[in-house]
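A short worksheet on the structure shown next.
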Amino acid sequence: MDQVDVVIVGAGAAGLATAIFAGRQLPGRSMVVLDGSRRPGAKILVAGGGRCNLTNRAVTSADFNGTSRHIIRNVLAAFPVEQTVAFFREIGVDVHEEEDGKLFPDSNQARTVLDALVNEVGRRGVRLWPEHRVTALARGDSGFTLATNRGGLSACCVVLATGGLSLPKTGSDGGGYELARGLGHTLVPTTPALVPLVLDGEFHRPLSGLSQDVGLALAVEGRVSVSTRGAMLWTHFGVSGPAVLDISRHWHRAQLDRQQVVLTANLLPGEDLVSVENRVIELARQQPKQHLRNVLTSWLPARLVDAVLASLGIGGQIPLAHLARDLRRRLLSSLLQWPLPVRESRGYAHAEVTAGGIPLNEIHPATMQSRLCPGLFLAGEILDVDGRIGGFNFQWAWSSAAAAGAGLRSMFGVP
Ligand SMILES: Cc1cc2nc3c(=O)[nH]c(=O)nc-3n(C[C@H](O)[C@H](O)[C@H](O)COP(=O)(O)OP(=O)(O)OC[C@H]3O[C@@H](n4cnc5c(N)ncnc54)[C@H](O)[C@@H]3O)c2cc1C
Numbered sequence: 005m006d007q008v009d010v011v012i013v014g015a016g017a018a019g020l021a022t023a024i025f026a027g028r029q030l031p032g033r034s035m036v037v038l039d040g041s042r043r044p045g046a047k048i049l050v051a052g053g054g055r056c057n058l059t060n061r062a063v064t065s066a067d068f069n070g071t072s073r074h075i076i077r078n079v080l081a082a083f084p085v086e087q088t089v090a091f092f093r094e095i096g097v098d099v100h101e102e103e104d105g106k107l108f109p110d111s112n113q114a115r116t117v118l119d120a121l122v123n124e125v126g127r128r129g130v131r132l133w134p135e136h137r138v139t140a141l142a143r144g145d146s147g148f149t150l151a152t153n154r155g156g157l158s159a160c161c162v163v164l165a166t167g168g169l170s171l172p173k174t175g176s177d178g179g180g181y182e183l184a185r186g187l188g189h190t191l192v193p194t195t196p197a198l199v200p201l202v203l204d205g206e207f208h209r210p211l212s213g214l215s216q217d218v219g220l221a222l223a224v225e226g227r228v229s230v231s232t233r234g235a236m237l238w239t240h241f242g243v244s245g246p247a248v249l250d251i252s253r254h255w256h257r258a259q260l261d262r263q264q265v266v267l268t269a270n271l272l273p274g275e276d277l278v279s280v281e282n283r284v285i286e287l288a289r290q291q292p293k294q295h296l297r298n299v300l301t302s303w304l305p306a307r308l309v310d311a312v313l314a315s316l317g318i319g320g321q322i323p324l325a326h327l328a329r330d331l332r333r334r335l336l337s338s339l340l341q342w343p344l345p346v347r348e349s350r351g352y353a354h355a356e357v358t359a360g361g362i363p364l365n366e367i368h369p370a371t372m373q374s375r376l377c378p379g380l381f382l383a384g385e386i387l388d389v390d391g392r393i394g395g396f397n398f399q400w401a402w403s404s405a406a407a408a409g410a411g412l413r414s415m416f417g418v419p
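Per our numbering, the sequence shown starts with residue 5, numbered consecutively.
Next comes the structure, spelled out in structure tokens:
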């Protein structure tokens with residue numbers, strides 16, 4: 005049985021970064037990163053549409069959900085965005101900023117990010133063993149024993165960086181949760197997050213491919229509890245796009261809690277009933293013969309206008325002067341609160357992240373060491389943290405990996 009100082013389970017963003025931080029701080033220690041898949045880092049390659057949005061110019065704990073914003077804040081503060089940018093520059097990846105503060109590699113290729121991480125792991129003397137799936141993990145008096153599909157291994161310390169359940173074809177299938185539970189950890193129930201939503205009915209079908217700016221509101225038990233603003237993409241199954249992805253985790257959490265949940269879209273974001281009604285009244289005064297459809301198509305895509313009018317049974321050829329008050333109200337209220345009858349989400353297979361996971365209060369935030377099992381560390385998405393769209397989830401991977409690296413250093417008595 006191979007014996008090493010540190011085994012890192014999972015060679016995704018968090019595992020590779022932990023290997024680098026630990027390798028830099030503990031030269032000479034034997035360390036190995038195991039990954040069940042043949043090509044580790046697959047999620048980095050697909051991220052950000054293949055360009056890898058690796059962090060954001062402005063990251064705060066408010067960009068995340070999870071058991072403890074306080075702990076998230078501490079972990080982020082110990083390795084903030086500036087250090088992430090410097091870290092990537094050191095390993096040969098310069099970044100640039102795009103809309104909403106998103107930072108991408110200058111190459112615009114995720115491959116650059118993955119290659120730089122893997123090369124630096126090798127330079128630091130940490131071995132990377134693909135096709136090594138950890139099937140069992142136990143702690144004895146003198147450390148940990150691990151079973152893999154290729155034989156056993158023993159280690160003084162183990163880092164679990166096995167991710168969540170999203171995009172399971174990349175190797176992240178939730179197996180790490182069971183390894184952590186076997187060592188005494190609990191699990192905050194998981195749901196998909198940053199995931200497209202499937203709608204009931206037929207309204208969305210003819211709109212497939214249409215993207216528009218919307219405001220989304222999620223009412224839980226009759227009260228709007230979350231709202232997002234941004235692009236929404238109509239698809240053959242329902243809706244997607246950043247505004248939808250960001251709100252999807254809240255829909256799932258409400259479902260999990262068996263709460264009544266209603267999602268609506270403001271198709272005229274920034275407007276309310278008073279402002280938009282005033283606009284229509286003013287237009288009716290200035291251009292009484294103008295047809296309703298013409299007005300609406302100057303505000304919204306024609307395909308959407310036709311679908312809305314048909315759905316409400318309103319004729320588009322009504323001149324504004326003939327638009328009765330009740331009808332005007334019904335139309336405008338509908339546009340401001342268009343129902344999105346969510347049946348389900350597209351599930352983990354299409355989710356960018358997993359909400360839920362190992363609770364943060366079961367780790368020491370300065371080191372990511374388990375409070376329940378000394379010598380065990382956790383980093384990345386396996387923990388109960390999920391960020392909104394825009395590079396935040398990777399920032400969590402880098403920051404938690406940096407803390408785990410520091411934790412391993414202190415474990416081996418290096419001041
Ligand atoms: C399509 C898509 C696009 C995304 N785009 C972005 C983006 O642009 N910006 C952003 O910030 N975030 C993005 N994300 C989210 C981001 O990719 C994840 O939050 C991040 O990769 C999580 O890193 P991780 O290392 O914790 O887990 P993962 O990347 O899931 O890595 C876990 C690794 O552990 C391995 N593993 C699991 N179980 C075992 C086991 N038992 N034994 C051995 N190995 C095991 C898996 O094979 C995997 O390689 C995206 C996600 C997806 C799916």
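Backbone N, C-alpha and C define an ideal beta-carbon position, used for all residues, glycine too.
Status (buried if at least 16 other CB within 10 Å, exposed otherwise) for residue i
{"i": "Ala401", "result": "buried"}
{"i": "Glu103", "result": "exposed"}
{"i": "Lys47", "result": "buried"}
{"i": "Lys106", "result": "buried"}
{"i": "Gly53", "result": "exposed"}
{"i": "Glu356", "result": "buried"}
{"i": "Met5", "result": "exposed"}
{"i": "Val97", "result": "buried"}
{"i": "Pro31", "result": "exposed"}
{"i": "His254", "result": "buried"}
{"i": "Asp145", "result": "exposed"}
{"i": "Ser404", "result": "buried"}
{"i": "Ser41", "result": "buried"}
{"i": "Val278", "result": "exposed"}
{"i": "Asn57", "result": "buried"}
{"i": "Ser302", "result": "exposed"}
{"i": "Asn365", "result": "exposed"}
{"i": "Gly394", "result": "buried"}
{"i": "Glu225", "result": "exposed"}
{"i": "Leu272", "result": "buried"}
{"i": "Gly227", "result": "Rather than Gly, the amino acid found at residue 227 in this sequence is Arg. Classification of Arg227: exposed, given that the 10 Å Cβ count is below 16."}
{"i": "Asn69", "result": "buried"}
{"i": "Val37", "result": "buried"}
Own chain partners of residue i with C-beta closer than 6 angstroms, once the 5 adjacent residues on each side are dropped
{"i": "Gly320", "result": "Leu296, Arg297, Leu313"}
{"i": "Cys160", "result": "Asp9, Gly147"}
{"i": "Arg93", "result": "none"}
{"i": "Thr139", "result": "Ala151"}
{"i": "Lys293", "result": "Pro323"}
{"i": "Thr239", "result": "Ser212"}
{"i": "Asn444", "result": "With the chain covering 5 to 419 only, the question about residue 444 has no answer from this structure."}
{"i": "Gly242", "result": "Leu201, Val202, Leu203, His208"}
{"i": "Ala408", "result": "Thr22, Val163, Met372, Phe381, Ala383"}
{"i": "Leu237", "result": "Ser215, Ser244, Gly245"}
{"i": "Phe83", "result": "Ser403, Ala406"}
Own chain residues within Cβ distance below 8 angstroms of residue i, not counting five before or after
{"i": "Asp276", "result": "Leu340"}
{"i": "His256", "result": "Thr195, Pro196, Ala197, Val199, Ser349, Ala359"}
{"i": "Arg432", "result": "Beyond the ends of the chain as shown, which are 5 and 419, falls residue 432; an answer cannot be given."}
{"i": "Ala66", "result": "Arg73"}
{"i": "Val280", "result": "Leu272, Leu336, Leu339, Leu340"}
{"i": "Ala114", "result": "Ile48, Leu49, Val50, Ala51, Gly52, Gly54, Arg55, Cys56"}
Sequence-distant residues of its chain with Cβ nearer than 7 angstroms to residue i (five each side left out)
{"i": "Asp204", "result": "Pro345, Arg347"}
{"i": "Glu101", "result": "Arg61, Leu107"}
{"i": "Phe118", "result": "The sequence given here has Leu at residue 118, not Phe. The answer, listed in chain order, is Gly45, Ile48, Leu49."}
{"i": "Phe396", "result": "Asn60, Val63, Asp67, Phe68"}
{"i": "Thr116", "result": "Val97, Pro109"}
Beta carbon proximity, residue i to chain B, threshold 8 angstroms
{"i": "Gln399", "result": "Protein chains in the displayed structure number just one, and chain B is not present."}
Bridge partners - residue i, DSSP secondary structure assignment
{"i": "Phe381", "result": "Val163, Gln373"}
{"i": "Asp217", "result": "Ala235"}
{"i": "Arg143", "result": "Phe148"}
{"i": "Glu348", "result": "Val202"}
{"i": "Asp390", "result": "Asn69"}
{"i": "Asn60", "result": "Lys106"}
{"i": "Val192", "result": "Gly361"}
{"i": "Arg131", "result": "Val36"}
{"i": "Trp421", "result": "For the chain, the structure presents residues 5 to 419; residue 421 sits outside this window and is missing."}
{"i": "His368", "result": "Gln373"}
Would you say the stretch 384 to 402 touches the stretch 75 to 91, given that touching needs at least three Cβ pairs under 8 angstroms? Because the criterion of three Cβ pairs below 8 angstroms is met, the stretch 384 to 402 and the stretch 75 to 91 touch.
Spell out a yes or no on whether the stretch 362 to 378 and the stretch 333 to 344 are touching, meaning 3 or more CB-CB pairs, one atom from each, closer than 8 angstroms. As far as the Cβ criterion goes, the stretch 362 to 378 does not touch the stretch 333 to 344, which means the pair count is below three.
Can at least three beta-carbon pairs, one atom from the stretch 184 to 199 and one from the stretch 25 to 45, be found at a separation below 8 angstroms? Here the stretch 184 to 199 does not lie against the stretch 25 to 45, with fewer than 3 beta-carbon pairs under 8 angstroms apart.
Given 8 angstroms, three or more beta-carbon pairs between the stretch 220 to 228 and the stretch 257 to 271: A contact between stretches requires three or more CB pairs, one per stretch, nearer than 8 angstroms, and the stretch 220 to 228 meets this requirement with the stretch 257 to 271.
At a cut of 8 angstroms, does the stretch 153 to 170 reach the stretch 125 to 132 through at least three beta carbon pairs? Touching, no, given that fewer than three Cβ pairs across the two stretches are closer than 8 angstroms.
Report yes or no: do the stretch 281 to 293 and the stretch 226 to 237 share at least 3 C-beta pairs separated by less than 8 angstroms? Counting Cβ pairs under 8 angstroms, fewer than three are found: no touch.
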